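First comes the structure, then the notes that go with it.
Protein chains: 2
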Amino acid sequence: MDGRILTALGNDGRRSYAEVGNEVGLSTAAVHERVKKMLERGVIRRFSISVDPDSVGLGFTAFVAIRNDGGAHCREVAPRLREMTAVQELHSVAGEYDFLAKIRTHHARELEAVLYQIKSIPGVARTTSTVVLNTEFEDQPLRPIAA
Amino acid sequence: MDGRILTALGNDGRRSYAEVGNEVGLSTAAVHERVKKMLERGVIRRFSISVDPDSVGLGFTAFVAIRNDGGAHCREVAPRLREMTAVQELHSVAGEYDFLAKIRTHHARELEAVLYQIKSIPGVARTTSTVVLNTEFEDQPLRPIAA
DNA sequence: TGTGAAATTGATCCACA
DNA sequence: TGTGGATCAATTTCACA
Chain C
1 MDGRILTALG NDGRRSYAEV GNEVGLSTAA VHERVKKMLE RGVIRRFSIS
51 VDPDSVGLGF TAFVAIRNDG GAHCREVAPR LREMTAVQEL HSVAGEYDFL
101 AKIRTHHARE LEAVLYQIKS IPGVARTTST VVLNTEFEDQ PLRPIAA
Chain A
1 MDGRILTALG NDGRRSYAEV GNEVGLSTAA VHERVKKMLE RGVIRRFSIS
51 VDPDSVGLGF TAFVAIRNDG GAHCREVAPR LREMTAVQEL HSVAGEYDFL
101 AKIRTHHARE LEAVLYQIKS IPGVARTTST VVLNTEFEDQ PLRPIAA
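One line per chain: the protein sequences are C and A, in this order. Counted from 1, the first sequence has number 39 at position 39 by the UniProt record's numbering; the numbering is strictly sequential. Counted from 1, the second sequence has number 26 at position 26 by the UniProt record's numbering; the numbering is strictly sequential.
In C-alpha cells form, the structure reads like this:
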C-alpha cells in the first residue's frame, strides 16, 4: 500500500491526499498518517521539485571517474567533492576507479575548471571524463514495486 | 529572483509560498504567479518526492555503459531502455560507448537479469558495468546560480 | 490502522497600484 | 509585475470504530 502511495506522489508530489487516497482506496486522513510515518522513517527524504537543467543554464553534463592514490588523504576526497556545487552525485564504485561523479556545468569550458579543482584535491590521482551528448531521460520516479 | 525561488522550493517542495515569499521578499500571490509561469515554461518539470531507494528495497545501483553495433536498430535502443523500470537514467555519451545507464535493482543477482535483457535488444553490441559500492550523495538539488 | 467531520492553514483569484 | 484581501481547497487534528 505504501508503495502505491509513493508511486502516486512520485509522479506529482503536489497531488492532493484526497486524490491519492481515492487512487489507492484510503481516506485523506489515512494517507496523511502514512505519509507522516514514511517521513519519520526516512522512506520519504523530502518533497522537491524537478527543475529542467537547460532552463537554468546548466546544459552541460559529464560523468567523471576519479581514481585515488594510496595516500592518507583518501577519506577527505568525498567531503571535498560534496562542497562543489557542480558535483550533483557521487558514488563510490568498484573497479579501476574509486568514485564516479555526475557533473553539471553551464558549458564545456566550465568542466575544465571543475576538473582542475578536482585534481587539486589531495588524494586524487587521476580522472577520466565521459561527456554526455544528450540525456534521453532521467528523473524517472522510483518504482518501488519494480517488475 | 526565480533562481532563489527554485532553490527555496528545491530543498523542500512543500514549503509554503508564504514562507518562500518571506525568504525572497515577495508576496504569496507573486510567488504563486512566478511558479505558475515557470511551470508553463517548463523550468519546473514537476513536483515530486525524494524516496530513499534502500527503504523500498532498491539497494543495488550500477552504471552500465552500452555500445551499439553499426546496424539499423540503433535508433530503437533508447526507447527499449526507457521501458525497463530498472533503468532510471539514460544518457547518450561520447567516447568508446554510446549510452550510459543508471540501473537500480534489489540485489546484484537482479542486475544479471537486467543485463541479459539489455543485451537482447537489437543493436546492442556489448555492455560494461560499474557497480556502486556506496552512494555518497545524490539528489543534490539543482543550484541554478552555481558558483 | 482506519474513518468522517471539524478546524486550521495554504493556494488561488481578483481588483487595483 | 507587484500587493492585500476574499474565496476556495487542501492539510491537519480529533473523537471514535
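All residues carry an ideal CB built from backbone N, CA and C; glycine is no exception. No experiment lies behind these values; they were computed from the predicted model shown.
- Three or more beta-carbon pairs drawn from the segment 76-86 of chain C and the segment 94-104 of chain C are found closer than 8 Å, and the two stretches are therefore classed as touching.
- Here Glu40/C carries a helix assignment [DSSP, helix/strand/coil].
- In this structure Val114/A is not in contact with Val56/C, their Cβ atoms being roughly 32 Å apart against a cut-off of 8 Å.
- A straight-line Cα-Cα distance of about 21 Å links Val93/A and Ser92/C.
- At a cut-off of 3 residues, the continuous stretches assigned as beta strand (DSSP E) that sit fully inside the segment 58-118 of chain C are 60-68, 87-93 and 99-105.
- Here the alpha carbons of Thr105/C and Phe60/C stand approximately 5 Å from one another.
- For Leu6/C, the secondary structure class from DSSP, reduced to helix, strand or coil, is helix.
- In the DSSP secondary-structure assignment, Val124/C is bridged to Asn68/C.
- Taking C-beta separations shorter than 7 Å and ignoring five residues to either side along the sequence, the partners of Ser50/A in its chain run Asp139, following chain order.
- For Gly21/A, the uninterrupted alpha helix (DSSP H) segment begins and ends at Tyr17 to Val24.
- Under the Cβ criterion (8 Å, minimum of three pairs), the segment 68-77 of chain A counts as touching the segment 112-131 of chain A.
- Residues of chain A with a Cβ closer than 8 Å to the Cβ of Pro53/C are, in chain order, Leu142.
- Here DSSP, grouped into helix, strand and coil, assigns Ser48/A to strand.
- Leu6/C and Ser27/C have their C-alpha atoms spaced approximately 16 Å apart.
- Along the segment 11-32 of chain A, the positions whose C-beta sits under 9 Å from a C-beta of chain C are Asn11, Asp12, Gly13, Arg14 and Arg15, read in chain order.
- For Thr128/A, the closest Cβ of chain C is not nearer than 7 Å.
- Ser129/C is bridged by DSSP to Val64/C.
- Among the residues of the segment 107-138 of chain C, those with a Cβ less than 8 Å away from any Cβ of chain A are Thr130, Val131, Val132, Leu133, Asn134, Thr135, Glu136, Phe137 and Glu138, in the order of the chain.
- Assignment of Glu138/C by DSSP, reduced to helix, strand and coil, places it in the coil class.
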